[in-house]
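Q: Handing you a structure now.
Numbering (this note's numbering), first residue to last: 13 to 537.
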């Protein structure tokens, strides 16, 4: 072997050893930076190093009413990795108002992962904000977090969630699970002077988090019972119960299997809020592949208050928003009084997938009963969505009903569909089908497809077409008189390919199990 080759090999060997040494030192440094937590005392020491990287070595317990990082000025900014371990039996109780009843109060740019909060027991009687992990996170990541136990908040105003009750901007939730029963009783339990001085009554109960305005979530779920009871008699924003999130910008592949209940117990006063029960997320910008299988119910006794129940999401935040490939199998119901109607809007109703303010629902379906058992008032009720602009390639197979005393609009696909004044040909109710009965009294505008449709400014073609139904009449009322724009639909005895020729094979496929067409990319099981 030549001398030059020997030298080259020698140099390469030295370089290789140097790289290995650097890598080993890097791993040692990283290991040194990761701080083990084996006890409650170790956990408390996190406050001395807010930016540290911590991990649990085993399951631990902490003293009752433990709250870390209580001030906004000193927030947790590091990482807490549970490594699959649990913090067991976290307990917090207070008869007075509590801003942050949770293990952490404030966190910013922090990461929480692989952690279980088992058998949580939080009880507030004087109102406040409660959750298992972090009350007020900002730009935080929550991954593989599981909560179980019970969280209860009473008082004139109260909010509760499984993981994060009042999240700030840009929080991310991945594979987060709530199994805890969450209850908010938004009325005065203590009869205290402090409670009497609170101007409004209301709040929310959510399985995962409150309103995560520009946050994202995927593969999250709730199986806990979510309940809110309110006494809406004065000025109020209302009461909300949601399976996962009060609101979130984007959510995908998430589900609710726990019952969701919202109830206003007061029939007096001048409140003007809303009672909302919702399966997955109250407000969204984009939602894909989410579903609900649980019962969702909302009830109200005040004619000044609206009442809404919806399987998946109630409202979307703009024209670019969409609900795609979602489904509902749970029964959806509102009862009591359908209040809060204005001259231009109905603010009570129910929908299988979407609620009262949805821009677009596509490739989605409903198989759960949707009903408005109200004693008075106007409603919008739809098998797929209560009120919508664009609804395409959707179907309903469950009974849709409203009591004989209800007014408003009810449809097997949507209560109302409207195209804005500057509408586009892409805004339409097309290629949908309904196989179920739509039952209601004479006061309501009723259709097997749509309760009402409105068209303004769309000149290319009619905006409601190629829909299929089994019984009744397809459409209730409309705002147009020009026949070329009249809605089109086909009455058929079965939803098979030869009967529903406009249901494109791009979106639809025949199911021998169900003996009808189902969605190709959102297959009904």
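The C-beta atom is built at its ideal place from N, Cα and C for all residues, glycine as well.
(1) Please name the residue in 445, 120, 79 whose C-alpha comes closest to that of residue 515.
(2) Buried or exposed for residue 48, please, with buried defined as at least 16 other CB atoms from any protein chain shown within 10 angstroms of its CB.
(3) Rounded to the nearest angstrom, what separates residue 300 and residue 292 at their Cα positions?
(4) What separation, rounded to the nearest whole angstrom, lies between the Cα atoms of residue 503 and residue 487?
(5) Just to confirm, is the Cβ distance from residue 463 to residue 419 under 8 Å?
(6) With a threshold of 8 Å, are at least 3 pairs of Cβ atoms found where one atom belongs to the stretch 454-462 and the other to the stretch 354-368?
(7) Mapping the DSSP letters down to three states, classify residue 58 as helix, strand or coil.
(8) What's the C-alpha gap between residue 72 and residue 147?
(9) Among 153, 362, 372, 117, whose alpha-carbon lies nearest the alpha-carbon of residue 390?
(10) Quick one: does residue 381 have its CB under 8 Å from some CB of chain D?
(11) Could you pull the start and end residues of the beta strand (DSSP E) that residue 345 belongs to?
(12) Taking a contact to mean a Cβ-Cβ separation below 8 Å, would you say residue 228 touches residue 262 in this structure?
(13) By Cβ distance, which residues of its chain are closer than 7 Å to residue 46, with the 5 residues on each side in sequence left out?
(14) In angstroms, rounded to a whole number, what distance separates the CA positions of residue 163 and residue 272?
(15) Starting from residue 544, follow its DSSP beta bridges and name the residues at the other end.
(16) Can you name, in chain order, every residue of its own chain whose Cβ lies under 6 Å from the Cβ of residue 372, other than the five neighbours on each side?
(17) Can you give me the Cβ contacts of residue 125 inside the same chain, cut-off strictly under 6 Å, excluding the 5 residues immediately before and after it?
(18) Considering only C-alpha positions, which residue in the set 60, 289, 358 is nearest to residue 259?
(19) Please state the DSSP three-state secondary structure of residue 497.
(20) Measuring only the C-alpha atoms, how far is residue 531 from residue 377?
(21) Going by C-alpha to C-alpha distance, which of 415, 83, 442 sits closest to residue 479?
(22) Compute the Euclidean distance between the alpha carbons of residue 96 and residue 224, then round it to the nearest angstrom.
A: This is what the structure holds:
(1) 445
(2) It counts as exposed.
(3) Answer to the nearest angstrom: the Cα atoms are 11 Å apart.
(4) 12 Å
(5) Against a cut-off of 8 Å, the Cβ pair of residue 419 and residue 463 comes out as no contact.
(6) no
(7) helix
(8) 21 Å
(9) 362
(10) The chain labelled as chain D is not found in the depicted structure, where only one protein chain is given.
(11) 344-350
(12) yes
(13) 65, 67
(14) 15 Å
(15) The chain is shown only over 13 to 537; residue 544 falls outside these bounds and no answer can be derived.
(16) 334, 402
(17) 93, 155, 156
(18) 289
(19) helix
(20) 9 Å
(21) 442
(22) 25 Å
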